[in-house]
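Here the sequence shown is numbered in the working numbering, starting from 15 and rising by one per residue. Every residue gets a Cβ at the ideal spot worked out from N, C-alpha and C, and that includes glycine.
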Amino acid sequence: MMRRLILAILLLAAPAAAQQSTIPEEKLVAARELVTAMRAESQMNATIDALRGYMVHSFVTAAPRLGEAKARELVDEFIMPEFRTSVGEFPELFAGLYAQRLSAEEMRELARFYRSPIGQRLLAITPEITAAITPLAAAWGQRVVQQALTKHRDALRQRGLPL
């Protein structure tokens, strides 16, 4: 599970970094301004905090003999510091994605919004919303997968999935 997550992140980041070099400088400047106004690094820290429990769960799933307390200790000692050390790389990746999809003027307008009082309010509650939605989204996803597996069990078995 964790290996797949890491591989997915690496595969997604590589094309973004490669494409960023072809983006006009004006758009990159506007994208960096937007990402700064959005407090992308602090937002990413909040996301990492929200995902911590899932990383612990992944460790317990991968190695049940560890137990939750030991898994939490390992995640906190070895995984979380790596995220904290590397989180500064995230804003540039984020900027590249925005620059590919929005015009420089759109990004400047969004940056103005995020600097406005309502934009600041939105940024203030986003970590709380992220923390609240993460377990809800996980439970929803598990429910949908279970429903799909139940509904399509025979077809999935016929195509080689051992259920």
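Helix, strand or coil at residue i [DSSP, three-state]
i	result
residue 117	coil
residue 52	coil
residue 37	coil
residue 81	helix
residue 67	helix
residue 174	coil
Check whether residue i and residue j have beta carbons under 8 Å apart
i	j	result
residue 44	residue 144	no
residue 66	residue 94	yes
residue 128	residue 52	yes
residue 54	residue 131	no
residue 80	residue 74	yes
residue 153	residue 40	no
residue 110	residue 62	no
residue 148	residue 76	no
Continuous alpha helix (DSSP H) stretch holding residue i: start and end
i	result
residue 132	131–165
residue 98	94–100
Expected contact under 8 Å - CB spacing of residue i and residue j to nearest Å
i	j	result
residue 70	residue 85	5 Å
residue 112	residue 49	7 Å
residue 171	residue 177	6 Å
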